[in-house]
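Numbering (the numbering used here), first residue to last: 554 to 774. Virtual Cβ for every residue (Gly too), placed ideally from N, Cα, C. Predicted, not measured: the structure shown is a model, and the values here were computed from it.
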C-alpha cells in the first residue's frame, strides 16, 4: 500500500524532534485521486512526547529539504512551529472557503469549442448535496446546499477539454463521479465521459490568479 501524505511528512519530523507519535490535521482534504497543486494545502502536526521542542532556523530549513527530497509525491513549504491557537484557526470556516479546481475531461462524442461554450455562462449554481459516503461515519445524513461559483472551459481537441471551476469547499466530490451527480445534466449535450485528472489548484483560495501556463502543465506529470 502506498504511504499517505501524513506518513511521508511524519517520518522526517518524528526523527528530528525524537517524538513518540503525532496527530495530523489539514485544512480540508482531497480524495486519493485528486492532486493538490498551486499554493498547496495548510497542515499542522501535533507531536506527542517530543524530546526536542525547538529547531533552529537552519535545522527547520534542513528538515523541509529532507521531507521534499524523501519522495516525489509531496512537497512542503514554509515549515515552522505554530501555536495550538493557529491550528484552530486553520480549521475555522472550512466549509465556507472557496476552492479552485482544474479537470481534464474526456468526451465520448466528438465536440467543437462551441459545444461547451454554454458552461462558461453558468454562475453561482446551487446544488442540493447529500452527505458523501466517505464522511458519513462522522457526519449526519443530510442534504446541504453547495455552490459552484463559476466554470470556465478550454477546448483542447475533439475529445478533450479543460474545465476550471471555482466552488464552495465540499462540492467537488460530485464532479469526480459525474455519473453519480445531478450536475451531469448540464453536460449531457456533450455526452461527456469520465474526468481523466482532477487537480486542486488553489486550496483554500488566496488569490484569483490562475496562470494559464500552470494549467497547461498540470497533467504532464
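Around the beta carbon of residue 671, fewer than 16 other beta carbons lie within 10 angstroms, which makes this residue exposed.
Counted as a single uninterrupted DSSP element, the beta strand (DSSP E) harbouring residue 578 occupies residues 574-579. DSSP, read as helix, strand or coil, puts residue 606 in coil.
CA-to-CA, the gap between residue 685 and residue 622 works out to about 35 Å. Of the candidates 600, 580, 615, 603, 580 places its Cα closest to the Cα of residue 592.
Counting C-beta pairs with one atom in each stretch, the region 712-726 and the region 647-664 have three or more that are closer than 8 Å, which means they touch. Within the region 631-685, complete alpha helix (DSSP H) segments of at least 4 residues are found at 637-644, 666-669, given in chain order. Straight-line measurement puts the Cα of residue 605 at about 16 Å from the Cα of residue 636.
Residue 706 carries a strand assignment under DSSP once its states are collapsed to helix, strand and coil. Burial check for residue 641: the Cβ neighbour count within 10 Å stays below 16, so the residue is exposed.
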